[in-house]
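Please read the structure below before turning to the comments.
Number of protein chains: 2
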Amino acid sequence: MSRKASLSGFHEWLPAERIVEQHVLDTLRNTFELHGFSSIETRAVETLGQLLRKGEIDKEVYAVSRLQADTEQGAGKTQQPQDAQDPNRLALHFDLTVPFARYVVENAGHLSFPFRRYQIQKVWRGERPQEGRAREFTQADIDVVGDGTLSFRSDVDVALVMAEALGALPIGGFTIRINNRKLAEGFYRGLGLEDTAGVLRNIDKLEKIGADEVSRLLQSELGATQDQAAQALALAAIRTEDTSFVEQVRALGVTHELLEEGLEELAGVVGELHRRAPGRAVADLSIARGLDYYTGTVYETVLVGHEQLGSICSGGRYDALASKGNRTFPGVGLSIGVTRLMMRIFSQEMARASRSVPTAVYIALTHDDDWSAAQDTAQSLRGRGIPAEVAVSAEKFGKQIKYADKRGIPFVWFTQTGDDGATVHEVKDIRSGEQVQVDPATWMPPESDLRPQVLPN
Amino acid sequence: MSRKASLSGFHEWLPAERIVEQHVLDTLRNTFELHGFSSIETRAVETLGQLLRKGEIDKEVYAVSRLQADTEQGAGKTQQPQDAQDPNRLALHFDLTVPFARYVVENAGHLSFPFRRYQIQKVWRGERPQEGRAREFTQADIDVVGDGTLSFRSDVDVALVMAEALGALPIGGFTIRINNRKLAEGFYRGLGLEDTAGVLRNIDKLEKIGADEVSRLLQSELGATQDQAAQALALAAIRTEDTSFVEQVRALGVTHELLEEGLEELAGVVGELHRRAPGRAVADLSIARGLDYYTGTVYETVLVGHEQLGSICSGGRYDALASKGNRTFPGVGLSIGVTRLMMRIFSQEMARASRSVPTAVYIALTHDDDWSAAQDTAQSLRGRGIPAEVAVSAEKFGKQIKYADKRGIPFVWFTQTGDDGATVHEVKDIRSGEQVQVDPATWMPPESDLRPQVLPN
């Protein structure tokens, strides 16, 4: 992380960092699969029409065009100006939700619903160069999508899966902050504020501009009374680890059918999380998740002690992730910003790899022509799952040991001809310096030395 | 594979196909790591200047530009015409070799040489739409790169690793065809043909146009005598599984220092492969590998019975993969075209997944409010590495069993209250119909049912 990206916004890891990233991705994959989520990948490109369907972030898209198509139109000429916003133009996806929605519609006849999928891929955002933001990053998403209907229990399920997945990573403490759109909207309606999107938009500014300013905006922009504004802010101030938020909301004296539905759903999610993953989640009634297309539960996740980093895992319920004719596909899901997480892991030195290469055993050569026999030894080790490399020439042992040491390879293997002419195999642990005679057909390193370990600092 | 890609050239797999692809990628990764190769990933984009440095395939590049940069220049306008070939313009990488070379130069101070790396990523080629070729595909590369020098033994090593990796895949038989540029060039020089690139270019057409036509071209284009042309063709006709090609070449009576060097190197690679992976490799003196930047060993790989598919794993030795000032980095490597391989696996039905989801156990609900208790059972199973899903509602058992059956989930779990009030757990194998009482704290499915298996057909 001391290195600067050679292309602003495009981070590349060194081999030892990549081992930590692989550990993170393997852990996520394993957790998702243990919960029955299927892997899919979608193509990197979508049509502009598909990407901009949701409106919002057209400013941050990377368009893609065949260089040849450019030059085919005349020496060095790019596409015609009128093509720039052509809905058939290709662009790199900026998240995994829009591509997944398209995939579901296209393959609906081949999928079984409810469909549980995870998707770990890179996404790209054409951020302005001067802002120093990541332009390429890895996301890890889980979603459950139904055909027509989707049980609310999936809202509980995906949060439990993510609590478990994040809990298995070397990232310290985290808090999943959960709210429910129905709860907020029902509360505002019960209060008599009908522009619920407007209220949410202002509540979303709470952390940035403070309660007084939000109250002023609610009154000046939306025509709320001082009391209505105070009530909306009182709701946003509620935050509990268990389901006691329900009583706190009821104490505010507002009633509405949608509010009841929201309270019941949020209590369902938070209650189950509190029981099963205590300390991992809170009901936080200030969470608005911008103006996204969520229709029920919404989630955000912050790292304890690194709250200013923003959310590292967000999502929610959408009643119509996708639709095809009069068929709709409701869904609920969460997305981890893996690259953002990795940058934090490295900058805060939260974890490191025990070595920079997979190799556990480096087989030294006594004579140059021992190479093929050394490969036999290596192959026997690999057959038992022990990563092994063979030296390419019989340099001085000191130099061969240095090769291993520099990479953090724990064991160096030596072969010598004994007094009786038989081959003697010895293994040196280069951390302790201990060297012992071994049988190449049976020797095993300690389990913890087999593969690089990712150690929390 | 019966489905048509919704965007020509961009293939997306269904969940069961993705399981086969994951199996292939996991197998490759495991083999590469057992041989001590480190994983790296590079960014998806390079500058046009970097990509076109090697010259050849500028016609097939996908350029990338911020949509916002387009529109910033005026309503709907694209970049100015003079920018189309701007060397600072970004484009998607079309292979993993060029990005790796840049990565090595940029990070040379942080890497240990010789550096063994594998890289499994998507690449993109802006093929003309009408040609029906893949435009997005996954490659799996291994390379060993040295600082200044690189032992010839790495040429043997990478071929052994790939023979082992391909041998572990469900793709049937394959043949790695190996040649050596020094051997061919030395032979042509020894013959008196100095335009060795010209000869190679014509020899490369052998399969397409036949020996007579190549002979004619060698004479008309390069001024070869009939005898020289016959000798060049005689060399290209040599193909042996062991090192007997050496004698066959010598029998042609041509001598040259470079030829001797090439013979020794090729015998080194083929001899070791013949010994260690018999039947996997041949010395094939017709292999030219186009006009690539290789300087010694060259490799191509065909599937036995699918030779017309072309090479599925190619590469070679390059004396200067990259350079930085007066420092050069020689390398040798091979690249598997994973997507091409997957398309063949599916179209020929070479392998399939035993089920379409990771789930091994589907936990049915007897009553709707058993859900949380069922999650306890599921969590106990997952703790032992058994992927488990819980039903979302207490539908009829027949319907719950159908849910599992449709996805190929082998086991359905039932919980009932016994006569004495205690909970009774039973597991039904829905393939045999057998249902037995089990202890949720200890029950294990057969090892082969834990995760989806990839079965050869």
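Quick mapping for you: the protein sequence lines, in order, are chains A and B. Every position in the first sequence, counted from 1, becomes a number in the numbering used here once 3 is added. Every position in the second sequence, counted from 1, becomes a number in the numbering used here once 3 is added. The beta carbon of each residue, even a glycine, is placed where N, CA and C say it ideally should be.
7 Å is my cut-off, CB to CB: does residue i come that close to chain B?
{"i": "residue 36 (chain A)", "result": "yes"}
{"i": "residue 43 (chain A)", "result": "yes"}
{"i": "residue 46 (chain A)", "result": "yes"}
{"i": "residue 65 (chain A)", "result": "yes"}
{"i": "residue 362 (chain A)", "result": "yes"}
{"i": "residue 434 (chain A)", "result": "no"}
Under 7 Å, do residue i and residue j count as touching if we go by C-beta distance?
{"i": "residue 389 (chain A)", "j": "residue 415 (chain A)", "result": "no"}
{"i": "residue 173 (chain A)", "j": "residue 459 (chain A)", "result": "yes"}
{"i": "residue 13 (chain B)", "j": "residue 180 (chain B)", "result": "no"}
{"i": "residue 242 (chain A)", "j": "residue 285 (chain A)", "result": "yes"}
{"i": "residue 49 (chain B)", "j": "residue 113 (chain B)", "result": "no"}
{"i": "residue 290 (chain A)", "j": "residue 182 (chain A)", "result": "yes"}
{"i": "residue 178 (chain A)", "j": "residue 335 (chain A)", "result": "no"}
{"i": "residue 360 (chain A)", "j": "residue 292 (chain A)", "result": "no"}
{"i": "residue 268 (chain A)", "j": "residue 155 (chain A)", "result": "yes"}
{"i": "residue 194 (chain A)", "j": "residue 205 (chain A)", "result": "no"}
Count the other CB atoms within 10 Å of the CB of residue i; is the residue buried (16 or more) or exposed (fewer)?
{"i": "residue 146 (chain B)", "result": "buried"}
{"i": "residue 235 (chain B)", "result": "buried"}
{"i": "residue 307 (chain A)", "result": "exposed"}
{"i": "residue 83 (chain A)", "result": "In this prediction, residue 83 (chain A) scores a pLDDT of 46, lower than 50, which makes its location untrustworthy; the coordinate-derived value is nonetheless stated afterwards. Exposed, because fewer than 16 other Cβ atoms sit within 10 Å of the Cβ of residue 83 (chain A)."}
{"i": "residue 341 (chain A)", "result": "buried"}
{"i": "residue 77 (chain A)", "result": "No answer about residue 77 (chain A) holds up, because its pLDDT of 47 lies below 50 and its placement is not dependable."}
{"i": "residue 345 (chain A)", "result": "buried"}
{"i": "residue 439 (chain A)", "result": "exposed"}
{"i": "residue 385 (chain A)", "result": "buried"}
{"i": "residue 370 (chain A)", "result": "exposed"}
{"i": "residue 328 (chain B)", "result": "exposed"}
{"i": "residue 253 (chain B)", "result": "exposed"}
{"i": "residue 21 (chain B)", "result": "buried"}
{"i": "residue 421 (chain A)", "result": "exposed"}
{"i": "residue 230 (chain B)", "result": "exposed"}
{"i": "residue 373 (chain B)", "result": "buried"}
Does the CB of residue i have a neighbour CB from chain A at under 7 Å?
{"i": "residue 343 (chain B)", "result": "no"}
{"i": "residue 302 (chain B)", "result": "no"}
{"i": "residue 129 (chain B)", "result": "yes"}
{"i": "residue 79 (chain B)", "result": "For residue 79 (chain B), the pLDDT reaches just 44, beneath the cut-off of 50, and the residue's location in the model is therefore unreliable, although a value from the coordinates is still provided. So yes, residue 79 (chain B) belongs to the interface."}
{"i": "residue 392 (chain B)", "result": "yes"}
{"i": "residue 333 (chain B)", "result": "no"}
{"i": "residue 39 (chain B)", "result": "yes"}
Residue i touches chain B at which residues, Cβ-Cβ below 8 Å?
{"i": "residue 94 (chain A)", "result": "70"}
{"i": "residue 113 (chain A)", "result": "6, 17"}
{"i": "residue 125 (chain A)", "result": "47"}
Which residues in chain B sit within 9 Å of residue i, going by Cβ to Cβ distance?
{"i": "residue 409 (chain A)", "result": "115"}
{"i": "residue 10 (chain A)", "result": "46, 48, 49, 50, 93"}
{"i": "residue 385 (chain A)", "result": "34, 37, 38, 167"}
So residue i contacts chain A; which residues on that side make the cut at Cβ distance below 7 Å?
{"i": "residue 495 (chain B)", "result": "The question about residue 495 (chain B) has no answer here: the residues shown for chain B are numbered 4 through 460."}
{"i": "residue 275 (chain B)", "result": "375"}
{"i": "residue 25 (chain B)", "result": "42"}
{"i": "residue 139 (chain B)", "result": "46, 47"}
Which residues in chain A sit within 8 Å of residue i, going by Cβ to Cβ distance?
{"i": "residue 106 (chain B)", "result": "15"}
{"i": "residue 21 (chain B)", "result": "41, 42, 43, 44"}
{"i": "residue 359 (chain B)", "result": "41, 115"}
Taking only heavy atoms of the ligand ZN into account, decide whether any of them is closer than 6 Å to the Cβ of residue i.
{"i": "residue 434 (chain A)", "result": "The ligand ZN is not part of this structure, which contains no ligands at all."}
Just the chain B side, please: which residues come within less than 7 Å of residue i by C-beta, in chain order?
{"i": "residue 2 (chain A)", "result": "In this structure chain A extends from 4 to 460, so residue 2 (chain A) is not present and cannot be described."}
Item to check | Stretch pair the region 269-276 of chain A + the region 310-320 of chain A: three plus CB contacts closer than 8 Å | outcome: no
Item to check | the region 182-198 of chain B in contact with the region 253-263 of chain B per 3-pair CB rule at 8 Å | outcome: As far as the Cβ criterion goes, the region 182-198 of chain B touches the region 253-263 of chain B, which means the pair count is three or higher.
Checklist entry - On the three-pair Cβ rule with 8 Å, is the region 26-42 of chain A touching the region 113-130 of chain A? => result yes
Item to check | Cβ contact (3+ pairs, closer than 8 Å) linking the region 27-37 of chain B and the region 156-171 of chain B | outcome: yes
Checklist entry - Below 8 Å, can you find three or more Cβ-Cβ pairs linking the region 45-54 of chain A to the region 145-163 of chain A? => result no
Checklist entry - At a cut of 8 Å, does the region 397-404 of chain B reach the region 360-378 of chain B through at least three beta carbon pairs? => result yes
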